[in-house]
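For reference, the structure discussed in these notes is given below.
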Amino acid sequence: MPNTKSAKKALRKSRERYLRNRATKSAIKTYSRRTKELASKGDVEAALSTLRRAISIIDKAVKRGILHRNTGNRKKSRLMTAVNKLLAQRQAQGEAS
């Protein structure tokens, strides 16, 4: 337990930041998963919409210091690669049919 007033405030702020950061990281994971699921189903418009939202959340997390800049870029790159690959597979299957 904190003994001083400043230590109590630091603990309080630490908890607030932890909860805020956890919520943001959870949102990143959720939108990334949704994007991949929609792309695998072939719903291009919805996949691109959720992709834009995921990228926006990642960029905001980087700006706020929740994620390191390189981590944010890596997550965006991997997400774009996965979506492009899934959409290309869907398109190839559609043309083959």
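Under the numbering used here, think of the first position of the sequence shown as 1, with each following residue one higher.
Quick reminder that beta carbons are idealized off the backbone N, C-alpha and C, glycines included.
query: Closest by C-alpha distance to isoleucine 57, when choosing among Val83, Arg74, Gly65, Thr24; result: Thr24
query: Which listed residue (Thr35, Asp59, Lys75) has its alpha carbon closest to that of serine 49; result: Thr35
query: Sub-8 Å separation of serine 40 and leucine 86 beta-carbons; result: yes
query: Status (buried if at least 16 other CB within 10 Å, exposed otherwise) for alanine 61; result: buried
query: Cβ shell of alanine 27 (< 8 Å), same chain only, five flanking positions each side left out; result: Ile57
query: Separation of glycine 42 from arginine 90, as counted between CA atoms; result: 6 Å
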